[in-house]
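Q:
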Amino acid sequence: MWILAFFGYLSQVNGDVIVNLANGQVRGIQSVTDTCNTDVCSTEHPYYAFKGMRYAQPPERFKRSVAVKPWTGIYDATSDGASCIQVPRSNLKESEDCLFINVYTPTLPSDSNISLAVMVWIYGGTFIFGDSNYATYGPDHFLLENVIIVSLNYRLGLFGFMSTGNDLLPGNDGIKDLVLGLQWIKENIHAFNGDPNNILLFGESAGAALISYLIQSPLTRNLGLEKVAHGGELNYFWKNSFTTSTKFSSNDLLTRRRLIRLWTNFAKYGNPTPVLDTILQNITWPTASLGRTNINCDPSHTKTDTKGRWFNSEKPTKNCGSC
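Here the sequence shown stands for residues -15 to -1, 1 to 308, where the numbers follow mature numbering (1 follows the signal peptide of the UniProt record, and there is no 0).
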């Protein structure tokens, strides 16, 4: 749409940043990456955060969501929006009015004329719990790779997926929420210096399943989703309570850095190893040991290993036995 040419970075006041979107102005904040663990810290990098933006009107119960209407004034996008109603979780603000989206970007159009690849995270939670809050999925590690991270809420449980199997309550409102969110991204991401033609979807568990449904849906055919991937991301990809309270070994930290580099390379270039990269050279790929399942049967870890990390293993055992 020609009107997109008028969107973009507007002004900066006292550390706050104001951006023009299709339906109005939003205020975000400047911040710096925090990638500290108990045993390592990476160099801080500046970025811009826009949290809790509406991509839809407050939804009607068991109704399909509709796009957010234009607003006057400046929308405050400096804090997380409410999470969707879900199975009980402590210290989580929940509401049926929960269709919010977050954008974290290293640069704005005023900083660079080079648009960045966009990575859209869809959280898991067996379709009954999950959220996109910074405390759960802080994007700091990814931002070091000069990509834009977007995360968004979708309705869960009965509110998101209940159906009577007919037109009375067709269901799958949670998936339709995501379609609307992707449309918002296509229309507005360039205002955050993102490339609307270079969008990668990634998620875990229910989020990965939802991506599979989205790419099959006729509702997404006009969105130009050229790069789509999904998988079971580990908790320590993100800056959250798990990563800040856990002391990772140097091998764990190197593995995380390698995996994030592979993901972000795929987002930027469509190829996880497009060029020689010192971080990715001479790799002994690690063995995954998640929960009670020892995927590659690394003999140094048992089936009851619950550390939820990736471990280095020179030669995974071929005769796995009861593994």
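Beta carbons are placed, not taken as given, at the ideal position from N, Cα and C, and that holds for glycine.
Only a predicted model underlies this, so the values are computations on that prediction, with no experimental measurement involved.
State the Cα-Cα distance for the pair L210 and Q201, rounded to the nearest angstrom.
A: For the purposes of this step, residue 210 is taken as the residue at position 225 of the sequence shown. For the purposes of this step, residue 201 is taken as the residue at position 216 of the sequence shown. Taking the straight line joining both Cα atoms gives about 11 Å.
Q: Determine the burial state of W56: buried for a count of at least 16 other Cβ atoms within 10 Å of its Cβ, exposed for fewer.
A: To locate residue 56, count along the sequence shown from 1; it is residue 71. Exposed.
Q: So, with DSSP's three-state summary, where would you put E45?
A: By 1-based counting over the sequence shown, the position of residue 45 is 60. E45: coil per DSSP, three-state reduction.
Q: Does K161 come out as helix, strand or coil in the three-state DSSP assignment?
A: Position 176 of the sequence shown holds residue 161. Residue state, collapsed to three classes: helix.
Q: Starting from residue 309, follow the beta strand (DSSP E) in both directions and report where the run begins and ends.
A: Only positions -15 to 308 of the chain appear in the structure, and residue 309 is not among them; the question remains open.
Q: Taking the beta strand (DSSP E) that T90 falls in, what are its first and last residues?
A: Locating residue 90 in the sequence shown gives position 105, where the first residue counts as 1. Counting along the chain, the beta strand (DSSP E) containing T90 begins and ends at 85 to 90.
Q: Taking just the CA atoms, how far does L77 sit from L204?
A: Position 219 of the sequence shown, counted from the first residue, corresponds to residue 204. Position 92 of the sequence shown, counted from the first residue, corresponds to residue 77. When rounded, the distance between both Cα atoms is 31 Å.
Q: Do the region 89 to 102 and the region 56 to 76 make contact, defined as three or more Cβ pairs closer than 8 Å?
A: Result no; under three Cβ-Cβ pairs closer than 8 Å.
Q: With H, G and I counted as helix, E and B as strand and the rest as coil, what does DSSP make of P257?
A: Counted from its first residue, the sequence shown places residue 257 at position 272. Reduced to three states, the DSSP call for P257 is coil.
Q: Do you know whose CA, among F35, D1, E81, lies nearest D162's CA?
A: For the purposes of this step, residue 162 is taken as the residue at position 177 of the sequence shown. Out of F35, D1, E81, E81 has the C-alpha closest to the C-alpha of D162.
Q: Identify the residues that DSSP records as bridge partners of M38: which are they?
A: Here residue 38 refers to the residue found at position 53 when the sequence shown is read from its first residue. DSSP, once it has assigned bridges, lists I86 as partnering M38.
Q: For the pair the region 123 to 140 and the region 240 to 256, tell me if three or more CB-CB distances fall below 8 Å.
A: The region 123 to 140 vs the region 240 to 256: in contact.
Q: Just the Cα atoms here: how many angstroms apart are I3 and N151?
A: Along the sequence shown, read from residue 1 onward, the residue named residue 3 stands at position 18. Along the sequence shown, read from residue 1 onward, the residue named residue 151 stands at position 166. Computed Cα separation, rounded: 44 Å.
Q: Among K253, A176, G192, L238, which one has its Cα closest to the Cα of Q10?
A: On the sequence shown, position 25 is the one that residue 10 refers to. Comparing Cα-Cα distances from Q10 to each of K253, A176, G192, L238, the minimum goes to A176.
Q: For G276, count neighbouring Cβ atoms within 10 angstroms of its own Cβ and tell me buried if that reaches 16, exposed if not.
A: In the sequence shown, residue 276 corresponds to position 291, counting from 1. With a pLDDT of 43 at G276, under the threshold of 50, the predicted position of this residue should be treated as unreliable, and no value is reported.
Q: How about the region 170 to 184 and the region 100 to 114: do they share at least three Cβ pairs that are nearer than 8 Å?
A: Because the criterion of three Cβ pairs below 8 Å is met, the region 170 to 184 and the region 100 to 114 touch.
Q: Where DSSP assigns a beta bridge to R12, which residues make up the other side?
A: Position 27 of the sequence shown holds residue 12. For R12, which the question treats as bridged, DSSP gives the partners I3, D61.
Q: For P203, list the residues DSSP reports as bridge partners.
A: Indexing the sequence shown from 1 puts residue 203 at position 218. According to DSSP, which records beta bridges pairwise, P203 is partnered with nothing at all.
Q: Who are the Cβ neighbours of residue 309 in its own chain at under 6 Å, not counting the five residues just before and after it?
A: For the chain, the structure presents residues -15 to 308; residue 309 sits outside this window and is missing.
Q: Tell me which residue opens and which closes the alpha helix (DSSP H) that F146 is part of.
A: The residue you call residue 146 lines up with position 161 of the sequence shown. Its alpha helix (DSSP H) spans residues 142 to 146.
Q: For E79, name the three-state secondary structure that DSSP assigns.
A: The count along the sequence shown starts at 1 and reaches residue 79 at position 94. In this structure, E79 counts as strand in the three-state DSSP scheme.
Q: With a threshold of 8 Å on Cβ separation, who are the neighbours of E79 within its own chain once the five nearest residues in sequence on each side are excluded?
A: Taking the sequence shown and counting its residues from 1, the one referred to as residue 79 is at position 94. Only A67, S68, C69, I70, Q71 meet the Cβ criterion.
Q: Would DSSP call N182 helix, strand or coil?
A: Translated into the one-based positions of the sequence shown, residue 182 becomes position 197. Strand, per DSSP.
Q: List the whole-angstrom C-beta distance separating W223 from Y122, where the pair is believed to meet the contact cut-off of C-beta under 8 Å.
A: Here residue 223 refers to the residue found at position 238 of the sequence shown. Here residue 122 refers to the residue found at position 137 of the sequence shown. At roughly 5 Å, the Cβ-Cβ gap stays under 8 Å, so W223 and Y122 are in contact.
Q: Can you tell me the Cα-Cα spacing of L93 and N178, whole angstroms?
A: On the sequence shown, residue 93 is found 108 positions in, with the first residue counted as 1. On the sequence shown, residue 178 is found 193 positions in, with the first residue counted as 1. The straight-line gap from Cα to Cα measures roughly 5 Å.
Q: Does DSSP put S235 in a helix, in a strand, or in coil?
A: As a working mapping, residue 235 is identified with position 250 in the sequence shown. Residue state, collapsed to three classes: helix.
Q: Straight-line CA distance for Y60 to G37?
A: Taking the sequence shown and counting its residues from 1, the one referred to as residue 60 is at position 75. Taking the sequence shown and counting its residues from 1, the one referred to as residue 37 is at position 52. Using only the alpha carbons, I get a separation of about 10 Å.
Q: Return helix, strand or coil for I133, following the three-state DSSP convention.
A: Against the sequence shown, residue 133 aligns to sequence position 148. Strand, per DSSP.
Q: Spatial neighbours of F251 within its chain, please: CB distance less than 8 Å, with the 5 preceding and 5 following residues excluded, ordered by chain position.
A: The residue you call residue 251 lines up with position 266 of the sequence shown. Once the five neighbours on either side are set aside, the close Cβ partners of F251 are L185, K212, A214, P257.
Q: With a Cβ-Cβ cutoff of 7 Å, do S136 and L84 count as a contact?
A: Mapped onto the sequence shown, residue 136 falls at position 151. Mapped onto the sequence shown, residue 84 falls at position 99. Against a cut-off of 7 Å, the Cβ pair of L84 and S136 comes out as no contact.
Q: So, at 7 Å on beta carbons, what are the nonlocal neighbours of L165 in its own chain, with the 5 sequence-adjacent residues on each side left out?
A: Start at 1 with the first residue of the sequence shown, and residue 165 comes out as number 180. Once the five neighbours on either side are set aside, the close Cβ partners of L165 are Y40, A41, S50, A52.
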